[in-house]
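A.B. asks: Would you mind keeping the following structure in view while I ask a few things?
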Amino acid sequence: MSKSRKRKTLADLFAREAELLAMMNGTGQRPRYLKRQLKSIRIKIRRSIQEDEKNRGIRRHVNVYEYQACGSV
Numbered sequence: 465m466s467k468s469r470k471r472k473t474l475a476d477l478f479a480r481e482a483e484l485l486a487m488m489n490g491t492g493q494r495p496r497y498l499k500r501q502l503k504s505i506r507i508k509i510r511r512s513i514q515e516d517e518k519n520r521g522i523r524r525h526v527n528v529y530e531y532q533a534c535g536s537v
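Sequential numbering from 465 applies to the sequence shown in my numbering.
In structure tokens form, the structure reads like this:
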């Protein structure tokens, strides 16, 4: 019996990021495992935003020259 994992929403990811930042700022030092978690959370945020844009048909991070070739600039 496998439990289906609920896909984290963007809000959940941002909340977790804020939580980690608060944990890091509370202490003077930044433990390595917290840094690693923060990095992975940020990657997940970026991925989910890109996925969302792809689903809505928004293209970003396109080279300007490609736009010029299309004649839209």
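Glycine included, every Cβ here is placed at the ideal spot set by N, Cα and C.
Bear in mind that the values here come from a model prediction, so they are computed numbers and not experimental data.
1) Counting only the same chain and skipping the five closest in sequence on each side, list residues whose C-beta sits under 8 angstroms from that of Phe-478.
2) Can you name the start and end residues of the alpha helix (DSSP H) that Arg-520 belongs to?
3) Examine chain D for any beta-carbon lying closer than 9 angstroms to the beta-carbon of Arg-520, and answer yes or no.
4) Check Lys-499 in the structure and name its three-state DSSP category.
5) Among Arg-506, Lys-518, Met-488 and Gln-514, which residue has its Cα nearest to the Cα of Asp-476?
C.D. replies: Taking the coordinates as given:
1) Ile-509
2) Arg-520 -> no alpha helix (DSSP H), and no H or E assigned at all.
3) Structure shown: chain D not included; a single protein chain is present.
4) helix
5) Out of Arg-506, Lys-518, Met-488 and Gln-514, Arg-506 has the C-alpha closest to the C-alpha of Asp-476.
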